[in-house]
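In our numbering, the protein residues as written are 13 to 146.
Report on the following structure.
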Amino acid sequence: MIVRNLEDAANSGRKIVSPDGNWDSVRMLLKDDNMGFSFHITTIYEGADFGMHYQNHLESVYCMSGEGEVETVADGKKYPIKAGTLYILDKHDKHILRAFKEMKMACVFNPPLHGTEVHNKEGAYELDADSVTD
């Protein structure tokens with residue numbers, strides 16, 4: 013059994029802060045845990061407005077608090093996000109995420125992240141990265 017505490021994880025190498033200042037992510041469950049997916053609690057900072065395109069991963073995102081929107085680049089469609097909203101990037105959707113108020117998100121990635129990934133210039137995570145240390 014694996015048991016982790018969010019506060020403890022946030023005070024360890026499991027907390028990753030984006031170089032662009034848009035988000036931080038506490039990586040609670042990762043590839044080395046051998047579950048076949050990774051689970052993160054991610055904070056999107058108020059005022060963030062940035063594009064992503066997960067070419068190597070599928071992601072589901074559940075909003076626990078805050079307010080914003082996600083826009084699909086292909087058709088320009090905007091979807092409001094608030095507490096209780098789930099959006100799923102099931103087709104490697106290129107998208108723009110905007111936070112009108114700071115958002116706390118629970119995120120699941122398949123395949124799982126190693127731990128230290130940040131977005132590359134295309135807004136994707138690479139398939140290989142260093143593992144985190146507790």
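No residue lacks a Cβ here, since even glycine has one placed at the ideal position from N, Cα and C.
Check: What does DSSP give as the partner residues of residue 106 in its beta bridges?
Finding: 65
query: Cα-Cα, which of 47, 15, 71, 77 is closest to residue 114?
result: Distance check between residue 114 and each of 47, 15, 71, 77 places 77 closest, using alpha-carbon atoms only.
My output table needs one value for residue 42: the three-state DSSP class, helix, strand or coil. Coil.
In whole angstroms, give me the CA-to-CA distance for residue 28 and residue 139.
17 Å
Does the Cβ of residue 95 have 16 or more other Cβ atoms within 10 Å, making it buried, or fewer, making it exposed? exposed
So, with DSSP's three-state summary, where would you put residue 139?
coil
Q: Use the C-beta contact count for residue 41: other C-beta atoms within 10 angstroms, 16 or more gives buried, fewer gives exposed.
A: buried
So, at 6 Å on beta carbons, what are the nonlocal neighbours of residue 120 in its own chain, with the 5 sequence-adjacent residues on each side left out? 49, 51, 72
Measure from the alpha carbon of residue 75 to the alpha carbon of each residue in 109, 144, 47, 127, then state which is nearest. 109
**residue 111 in three-state terms, based on DSSP** = strand
Going by the DSSP bridge assignment, what does residue 122 pair with across the sheet?
When DSSP reads this structure, residue 122 sits in a beta bridge with 70.
To which residues does DSSP link residue 131 through a beta bridge?
-> DSSP, once it has assigned bridges, lists no residue as partnering residue 131.
Could you check where the beta strand (DSSP E) with residue 57 kicks off and where it finishes? Element bounds for residue 57: n/a, residue is neither H nor E.
Which residues mark the beginning and the end of the beta strand (DSSP E) in which residue 27 is found?
27-29
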